[in-house]
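As structure tokens, the structure follows; a few thoughts come after it.
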Amino acid sequence: MAATMEDAPKVQAQPYTFDLGHLLVTDTNPLPTLTTTNKEAVLAATAQACAQGLINQLLTACPIIRSSDGDLQIKLPDPTFQLPREKPVPKEKEKSKWEKFAAKKGIKAKRNEGKLVFDEAKGDWVPRYGYKGKKGDGDDWLVEVADEKPEKQERAGGKPEKGGRGAPAEAVKNRSGSRSGTGNVMKRKAR
Amino acid sequence: MLPIREIKPKNARTKRFLDNKGPQATENPRRTLFLRYTTCSDILQMVLADLYALKRPLAIKFSKKNDIHPFEDPSSLEFFSEKNDASMMVYASHSKKRPHCMTIVRFFGFKVLDMVEMNVEAETMRTLAQFKNAKAAVGLKPLLSFSGSAFESPTPNAYTLAKSIFLDLFKGPDVQNIDVEGLQYMIHFSVDEEEREEVKPQIHMRCYLIRTKKNPNSTTPRVEVEEMGPRIDFRMGRIKEADPDMLKEAMRKPKSQEPKTKKNVETDIIGDKVGRIHLGKQDLSELQTRKMKGLKRSRDVADDEEAFAGAEDEVVFDPAKRSKVEV
Chain X
0 MAATMEDAPK VQAQPYTFDL GHLLVTDTNP LPTLTTTNKE AVLAATAQAC AQGLINQLLT
60 ACPIIRSSDG DLQIKLPDPT FQLPREKPVP KEKEKSKWEK FAAKKGIKAK RNEGKLVFDE
120 AKGDWVPRYG YKGKKGDGDD WLVEVADEKP EKQERAGGKP EKGGRGAPAE AVKNRSGSRS
180 GTGNVMKRKA R
Chain B
0 MLPIREIKPK NARTKRFLDN KGPQATENPR RTLFLRYTTC SDILQMVLAD LYALKRPLAI
60 KFSKKNDIHP FEDPSSLEFF SEKNDASMMV YASHSKKRPH CMTIVRFFGF KVLDMVEMNV
120 EAETMRTLAQ FKNAKAAVGL KPLLSFSGSA FESPTPNAYT LAKSIFLDLF KGPDVQNIDV
180 EGLQYMIHFS VDEEEREEVK PQIHMRCYLI RTKKNPNSTT PRVEVEEMGP RIDFRMGRIK
240 EADPDMLKEA MRKPKSQEPK TKKNVETDII GDKVGRIHLG KQDLSELQTR KMKGLKRSRD
300 VADDEEAFAG AEDEVVFDPA KRSKVEV
């Protein structure tokens, strides 16, 4: 039996899916059949609908911030559609001997505090060391001579021991150099 | 082709160059290399020139002819990819069997990942120059749209691969923020519905300038599109799908990029940061009660008696000691 017009189901227009991280909109609705006359018009209309949908989504879903230059910017979310990388994931660098030791002992790296320090007495920032520094303003430049300490007298005779401890510098450098992987990086000129 | 010599950097500049070319956690955007076969039609050369203009500055164009067959032997292409640090390639050729043929190649680690071959329809092709209007500025990130059900088919097919490759080719650098004025143009890909089994539907690529007009009714603007070119229709050709192992390797994400969630720290509904401390089980028989003054005031008789008993002992001891001393 022939199906009547009422039996034909109406195809619901499917909503667009967005991936704002890539500025991408996907329209899964099937394209209407194109004839040579209406082709460009149909394509332009489809494109216009996609563009309208994407712009609306961008302006409503993403926060708009004003940048330092005074331009309006949209903060994009992370992309959802995963694309393959262009190069493999980098290998984890092996920790150097010091790094392993520091991690084991719980030694944290020294933070660079900067050159200036706030001096409570003066109420201003002064250099941590050096001229007009925090350490001493020259108030206590007059120091009385104490009795000569016995260590000082002994040292006058012999010279302090030099080197002789541990491995020579070259061997140490070669050991850590093999880890970094580069050849002659900034090798100092051989004297 | 000889493999590329491994260069050991002799100064900081070359080291920086090699580090930039090597694997990184957050990657550089893909550079595209445009090159041609010994035979290449005029139409295809115009297509190449237009795509190069769209992809600037992340693109390199070779002018020499190369005798390469990508589907048979891609080693030459891999060499070019490594030398020029280009992970995307567009290769144009023309022959009687495959007229106006354009192959897009995607690389992973300077080795071919996947390829898609398409033939350009000569009659419907229009170049950038043929549309007499102002173009979008160089280097902008385009809006991308894909229409048609073939692109979203649940099983991976030639069209899903083409979508992935087109997206990779045209998307440009990944950015966190984008200027509203930078949303200037849109590239629209549409695929016809499959009517007959043998005829593969064409992919239509159109580029439009986005013009926004103020809408009196709502806050969002009304968008108008104006075609700026190029206009290209593609007929699908052969494809080379990615090797599953290579693809799995390529889809891996570096560990550092996943957000670190601290254990035992949660944020309340109100927004307070709440932490959880886990104590071990407490053995109550080992509890030290003698040093707790508060417990002495209790009505526990046993404890008081103990205290008296201790005091008596002390009293008994002292006289004995004293008597000894006296003697």
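Chains X and B, in that order, give the protein sequences.
Note that numbering that gives the first Met the number 0 gives residue 79 to position 80 of the first sequence, counting from 1, and the numbers run on in steps of one.
Note that numbering that gives the first Met the number 0 gives residue 131 to position 132 of the second sequence, counting from 1, and the numbers run on in steps of one.
We put the beta carbon where it would ideally sit given N, CA and C, even for glycine.
None of these values were measured; they are calculated from a predicted model.
Asked, Found
"Element boundaries [beta strand (DSSP E), containing valine 111(B)]", "110-119"
"The region 41-48 of chain B / the region 115-133 of chain B touching (three or more Cβ pairs under 8 angstroms)", "yes"
"Cα-Cα separation between serine 80(B) and valine 116(X), rounded to whole angstroms", "53 angstroms"
"Bridge-paired residues (DSSP) for lysine 91(B)", "It is worth fixing the name first, because residue 91(B) is alanine in this sequence and not lysine. In DSSP, alanine 91(B) forms a bridge with Arg35(B), Met101(B)."
"Chain X contact for lysine 140(B) (CB, 8 angstroms cutoff)", "yes"
"Exposure label - glycine 279(B); buried when at least 16 CB within 10 Å", "exposed"
"Rounded separation between lysine 104(X) and lysine 96(X) - CA only", "12 angstroms"
"Exposure of alanine 102(X), with buried meaning 16 or more beta-carbon neighbours within 10 Å", "exposed"
"Delimiting residues of the alpha helix (DSSP H) encompassing asparagine 55(X)", "38-60"
"Beta strand (DSSP E) runs contained entirely in the region 43-80 of chain B, provided each spans 3 or more residues", "58-65"
"Ordered list of beta strand (DSSP E) runs contained in the region 175-226 of chain B, each at least 3 residues", "176-178, 184-190, 202-212, 221-226"
"Continuous beta strand (DSSP E) stretch holding proline 126(X): start and end", "123-126"
"Residues that DSSP places opposite phenylalanine 117(X) in a beta bridge", "Trp124(X)"
"Lysine 131(X) versus glycine 113(X) - alpha carbon distance", "16 angstroms"
"For tyrosine 15(X), three-class secondary structure by DSSP", "coil"
"Buried/exposed call for arginine 29(B), threshold 16 Cβ in 10 Å", "buried"
"Among Gly108(B), Cys39(B), Lys134(B), nearest to valine 89(B) - alpha-carbon criterion", "Cys39(B)"
"Within chain X, the residues that phenylalanine 106(B) reaches when beta carbons sit closer than 8 angstroms", "Glu85"
"Per DSSP, cross-strand counterpart(s) of glutamate 265(B)", "Val273(B)"
"Outcome for valine 198(B) when other beta-carbon atoms lying within 10 angstroms are tallied against a minimum of 16", "exposed"
"Whole-angstrom C-beta distance between serine 152(B) and threonine 159(B), which should lie under 8 angstroms", "6 angstroms"
"Three-way DSSP call (helix, strand, coil) for aspartate 26(X) in this model", "strand"
"Alpha-carbon to alpha-carbon, aspartate 173(B) and proline 87(X)", "18 angstroms"
"Distance CB(valine 119(B))-CB(phenylalanine 233(B)) smaller than 8 angstroms", "yes"
"Any C-beta of chain X under 8 angstroms from that of proline 220(B)", "yes"
"Closer than 8 angstroms at the beta carbon, the chain X residues around proline 253(B)", "Val88, Pro89"
"Selected residue, minimal CA-CA separation from threonine 219(B), among Leu53(X), Asp26(X), Glu169(X)", "Leu53(X)"
"Per-residue burial, methionine 185(B) [other beta carbons within 10 Å of its own, 16 or more giving buried]", "buried"
"Buried or exposed by the 16-neighbour rule on C-beta atoms within 10 Å, applied to isoleucine 6(B)", "exposed"
"Beta-bridge pairing of aspartate 18(B) - partner residues as DSSP gives them", "Bridge partners of aspartate 18(B): none, in fact."
"Bridge partner(s) assigned by DSSP for arginine 289(B)", "Arginine 289(B) pairs with nothing; no bridge assigned."
"Cut-off 7 angstroms between Cβ atoms - residues of its own chain near threonine 288(B), not counting five sequence neighbours on either side", "Leu294"
"Backbone secondary structure at arginine 230(B) - three-state DSSP", "strand"
"Residue environment, valine 224(B), which counts as buried when at least 16 other CB atoms sit within 10 Å", "buried"
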